[in-house]
Structures are given as structure tokens and as C-alpha cells.
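Residue numbers (the numbering used here): 29 to 616. Cβ atoms here follow ideal geometry from the backbone N, Cα and C, with glycine treated the same way.
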């Protein structure tokens with residue numbers, strides 16, 4: 029990540045969070061996140077049960093806010109759109125503006141400044157309709173950040189950067205500063221000064237840059253915002269380093285170091301400060317000190333990773349325990365209700381037994397029937413608890429969101445590659461669970477739709493233009509077989525995207541047929557191929573072999589030009605088949 033890009037991201041995170049989470053510490057924010065998410069989900073359920081559309085809209089907005097913090101931007105966008113749907117279109121409110129500001133935040137993080145500006149303008153209209161001064165301040169700040177991002181993008185392109193974009197950024201940040209002063213919001217005044225300082229830095233106006241940065245620092249000091257004061261010192265040092273001025277940078281770096289040693293800070297800021305020191309030592313050619321700084325950075329990142337992993341596992345465990353307890357409570361309530369009904373019936377039967385023997389006999393039969401029914405319902409509830417427990421333990425959505433967050437934060441190429449491959453495998457399993465709800469029979473999925481969608485998703489992720497054709501029987505396959513089968517298809521398609529094709533037109537051919545209680549599967553590509561008799565290094569081929577064994581099937585790479593993989597496995601107790609074959613072709 030370039031120095032300017034790191035500066036942009038650092039500034040924007042300050043703007044959208046208002047520095048609250050940074051000051052309280054990253055650790056506290058992580059510990060609170062799952063609790064807040066669960067609280068918002070409970071509020072959403074209550075709003076739905078009471079048909080409170082305003083409450084549903086507010087809850088969707090708050091849940092989307094947590095999803096953005098988790099890095100799950102697609103889910104957050106969906107929730108924000110749902111929040112808009114439950115609002116009255118003829119009466120834009122402050123909540124409408126806040127929703128569009130969050131949508132702008134997602135687009136800003138993704139680098140789509142044009143779409144981000146579009147959402148800013150819609151938010152501005154909503155705040156005008158609601159006459160929200162705080163909304164004006166927030167949207168002006170966001171528009172200033174978007175124009176600055178647009179300037180940075182044009183600067184990196186072949187054409188000259190537009191100075192109009194920088195002027196617009198200064199204009200909107202100045203309006204944000206005026207609005208913050210009108211509200212007498214000290215933190216927002218500091219943020220506006222900080223953003224204006226950055227604009228003047230890119231305008232090559234060092235005096236104005238330092239004026240606004242020092243003004244922000246004074247406000248942060250008065251408000252006892254230690255982390256924000258430290259962050260500004262660090263940013264000024266980074267700016268001097270970007271101009272190859274290590275002498276000026278050293279003064280601010282030493283001030284930041286003294287501040288950090290006196291008051292402490294969260295681990296992310298320690299890493300950023302150490303990275304600045306490493307760059308400073310590299311610019312003055314003190315390679316020994318630079319190497320020492322890089323070692324400290326690696327140690328801090330490892331400590332951060334260990335802490336993050338521990339908190340992630342604990343958070344998943346707490347969520348899982350909560351869901352299990354909730355299910356147990358529901359089952360216990362139903363069981364108590366059934367027991368109470370059975371006791372009432374028993375009392376009535378005993379009272380009526382003295383009247384007539386025939387009535388007593390009939391009542392006894394009825395009681396026996398109710399008791400058997402109670403036992404059946406109780407056994408069914410136990411099965412549901414076990415099924416829900418199994419699904420919760422494999423909560424792929426939560427794991428995928430956490431891995432996406434880690435991928436977003438990671439800067440190591442090998443770690444990124446491993447995370448991306450893990451996400452693809454998790455997506456293949458997750459797709460099985462999605463398809464389970466699309467058939468009339470539980471625990472079965474339609475292989476035709478599953479295989480097609482899985483391959484299309486992989487091609488989109490790898491951004492490959494590959495023509496692929498499918499010949500697929502309409503088979504409903506049990507999830508127990510579908511999960512390993514989907515992982516095999518995922519590995520074959522991923523390997524083809526990564527290694528098979530060099531220059532010629534890429535093509536894939538997939539066939540899946542049901543014959544005599546077996547599934548026959550073929551996967552071919554026209555890539556460069558490999559020799560199946562030679563031992564291939566890599567986790568993917570070993571995984572394919574192990575999954576084929578798990579399916580109790582046989583598999584083989586045929587050799588020749590391209591990849592030609594064939595496999596068959598028995599499905600005598602795990603399938604339902606219809607008599608139709610689908611042909612499908614796509615350009616990828």
C-alpha cells in the first residue's frame with residue numbers, strides 16, 4: 029500500500045468514527061462489537077414481531093453499521109437498502125441521510141469515489157429536508173474526503189491531477205469546519221482542521237498545513253484525546269517522509285515516540301509509528317536501525333494477530349453458546365407446556381373414571397395417545413437441537429466475515445493467498461447451505477444449479493474470462509455428499525484459473541450424470557495440463573484425493589493435453605433423480 033493510500037485510509041477512519049473507538053481502544057471496540065450486534069438483532073426481531081416499520085428501519089441501519097465494522101460490505105449494503113425500503117419516500121428524514129452516508133462509506137473504502145459522491149448528494153438532500161445541522165457537518169466532511177480521494181486517483185493515472193478536485197475538497201471541509209463550530213463540537217472541529225491540513229499538504233502549502241494540524245492537536249489535548257494527538261504527530265512525520273525530508277520528520281517522530289511512551293496507545297498505532305521509523309532510517313541509510321524497526325513491526329503484528337485470533341475464537345464461542353441456550357430455553361418451554369397439558373388431561377381422566385368404566389377406558393386411551401404424541405414431539409425437538417447445534421458449530425457466515433476482515437487488514441502476499449483460497453472453500457460449503465432452502469425436500473440440493481453457480485462465482489472472484497459448458501443431470505443430492513463434491517469442483521476450477529491458461533482461448537467442460545446408482549463426473553480444460561504420474565506439490569491435489577476417498581468413489585487424472593479429471597461415486601442412499609439433462613454454456 030502506497031504512503032498516500034495509507035494516509036487516505038487513516039484520515040477517513042478518523043472521520044467516519046468520530047474518534048470514539050480509537051480513543052477507547054481497539055481492544056474494547058472488538059469486545060463490544062458482538063454484544064452490540066446481538067442487541068441490535070434482538071431489537072430487529074422485536075420490531076418485526078410488532079410490525080414497527082420505523083423500528084425495523086432503525087435496526088437494519090444499526091446492524092449494517094456493525095457489518096461494516098466486520099468488513100462484510102455486501103451484507104451491510106443489503107441491510108441499508110432494506111432500511112430505505114421501510115422508510116417513507118415522500119418524507120426524507122435524518123435517518124435516511126445517515127443510511128446514505130453509510131452507503132457512501134462503503135463505496136469510499138472500496139475506492140468508488142463517483143458512487144460515494146452520488147450517495148453524499150442524496151444524503152445532503154435528506155439532511156436539508158430534516159434541517160439537521162449535524163447531518164450537514166457530516167455530509168460536508170464526507171464530500172471533502174471523496175473529492176480528495178478523486179484527486180488522489182487522478183494523480184495516479186496517466187493524466188494530470190485536477191486541481192479543481194483539491195479546491196472542492198478544501199471548500200467542503202471548510203463548510204464542515206464552520207458547521208462543527210456552530211454546533212460547538214470540539215472533536216468535530218479538530219477533525220475538520222485535521223482534514224484541511226491534509227488538503228493544504230497536497231496543495232504544497234506547508235504553513236497552512238501545520239496551522240490546521242496544530243489547531244487540531246490543541247483541541248485533542250484539551251479534550252484529553254491522547255491517541256488522536258499521537259496520530260497527528262505521526263501523520264505529520266509521514267508527510268515529511270513522503271517529501272524525502274527525514275530531518276523534519278525526525279522531530280515529529282521523536283515527539284510521537286515520547287507521547288507513546290508516556291501515555292501508551294493501541295497496537296495498531298504502535299505498528300504505524302514503527303513503520304515511520306523504519307522509513308526514516310531507510311532514507312538516512314541507517315540500515316541496521318531500519319532492520320531493527322522491521323523486526324519490531326513483525327513482532328507487533330504477530331502479537332496483534334495472536335490477540336485477534338484469541339478474541340475471534342472467544343467471540344464465536346460466546347455467540348454459539350448463546351444460540352444453544354436460546355434453543356434449549358424454547359425447547360424446555362414447549363416441553364413444560366406439553367407436560368402441563370398432559371397433567372391436566374390426567375387429572376380430568378382420573379376424575380371421570382368413577383362415573384363410567386367405559387368413559388375411564390376411553391380417557392385412558394386418549395391419555396396414552398397424548399403421551400405418545402408428547403414423546404414424539406420431544407424426540408423431534410431433540411433432533412432439531414442437534415441439527416441446529418451442528419449448523420451453528422459450522423457457522424460459515426461468521427467465519428467468512430472474519431476471514432474477509434483479516435484479508436482486508438493483511439499486507440502479506442502469502443497470507444493473502446491462503447486466506448483467499450480458504451474463503452473460496454468456505455464459499456463452496458456455504459453455497460450448499462444456501463441451496464438447502466431452495467428445494468422442497470430438506471437436506472437435499474439441486475446439483476445442476478449448485479455446480480453452475482459455484483463455477484460462476486469462482487470465475488467472478490478470479491476475474492477470468494473463461495468459456496465453460498455444462499452437461500448436467502437434474503439430481504437432488506444429500507448435503508453429506510454435496511459438501512465434499514462441491515469442494516472438489518472448487519479446487520479443480522480454482523487450479524484451472526490460476527495455472528492452466530496462458531494465452532489461448534480458455535475453455536472448461538463439465539459433465540455430471542447419474543447412471544446405475546452412481547454419479548459420474550468429468551472436468552476438462554484446454555490449458556497447458558500436467559503429468560499425473562509425477563508427484564505434484566500442493567495442498568489442492570491432496571485435498572481432491574482425500575475428498576474422493578471420503579465420497580467412497582474413484583478418481584483419476586487422464587493426462588494428455590489440458591486437465592482431464594474423471595470421478596464416480598455411489599449415491600444409492602443419498603439421492604433423488606429426475607429424468608432430464610441440462611446443457612449450459614457461459615462466456616465466464
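Let me know the secondary structure DSSP gives residue i once reduced to three states.
| i | result |
| --- | --- |
| residue 266 | helix |
| residue 204 | helix |
| residue 501 | strand |
| residue 192 | helix |
| residue 506 | strand |
| residue 546 | strand |
| residue 68 | helix |
| residue 539 | strand |
| residue 496 | strand |
| residue 273 | coil |
| residue 116 | coil |
| residue 155 | helix |
| residue 558 | coil |
| residue 60 | helix |
| residue 349 | helix |
| residue 553 | strand |
| residue 314 | coil |
| residue 534 | coil |
| residue 253 | coil |
| residue 448 | helix |
| residue 296 | helix |
| residue 365 | helix |
For residue i, collect the residues of the same chain with a Cβ closer than 8 Å to its Cβ; drop the 5 residues on either side in sequence, then sort them by chain order.
| i | result |
| --- | --- |
| residue 269 | 31, 277, 304, 307, 308, 311 |
| residue 394 | 373, 377 |
Determine the contact status of residue i and residue j, defining contact as a CB-CB distance below 8 Å.
| i | j | result |
| --- | --- | --- |
| residue 549 | residue 586 | no |
| residue 155 | residue 144 | no |
| residue 517 | residue 479 | yes |
| residue 125 | residue 163 | yes |
| residue 132 | residue 151 | yes |
| residue 471 | residue 506 | yes |
| residue 572 | residue 583 | yes |
| residue 96 | residue 69 | no |
| residue 111 | residue 89 | yes |
| residue 547 | residue 498 | no |
| residue 134 | residue 105 | yes |
| residue 514 | residue 482 | yes |
| residue 536 | residue 494 | yes |
| residue 540 | residue 504 | no |
Need the endpoints of the beta strand (DSSP E) that residue i sits in, please.
| i | result |
| --- | --- |
| residue 474 | 472-474 |
| residue 598 | 592-598 |
| residue 584 | 582-585 |
Using the beta-carbon count (16 or more within 10 Å), is residue i buried or exposed?
| i | result |
| --- | --- |
| residue 396 | exposed |
| residue 300 | buried |
| residue 9 | Since the first residue of the chain shown is 29 and the last is 616, residue 9 is not available in this structure. |
| residue 600 | exposed |
| residue 552 | buried |
| residue 94 | buried |
| residue 261 | buried |
| residue 521 | buried |
| residue 496 | buried |
| residue 100 | buried |
| residue 597 | buried |
Keeping to the same chain, check which residues put their C-beta closer than 6 Å to that of residue i; ignore five residues upstream and five downstream.
| i | result |
| --- | --- |
| residue 317 | 309 |
| residue 267 | 229 |
| residue 224 | 201, 240 |
| residue 198 | 227 |
| residue 332 | 295 |
What are the boundary residues of the alpha helix (DSSP H) that includes residue i?
| i | result |
| --- | --- |
| residue 230 | 214-230 |
| residue 573 | 567-578 |
| residue 111 | 101-113 |
| residue 234 | 234-250 |
| residue 88 | 81-98 |
| residue 622 | Here the chain covers residues 29 to 616 and nothing more, so residue 622 does not appear. |
| residue 166 | 161-184 |
| residue 122 | 122-137 |
| residue 383 | Here residue 383 belongs to no alpha helix (DSSP H), and DSSP marks it neither H nor E. |
Ignore the nearest five residues each way along the sequence and tell me which others in residue i's own chain have a CB closer than 7 Å to its CB.
| i | result |
| --- | --- |
| residue 281 | 265, 304, 305, 308 |
| residue 166 | 129 |
| residue 387 | 380 |
| residue 258 | 284, 287, 288, 293, 297 |
| residue 619 | With the chain running from 29 to 616 in the structure shown, residue 619 is simply not present. |
| residue 220 | 169, 201, 204, 205, 208 |
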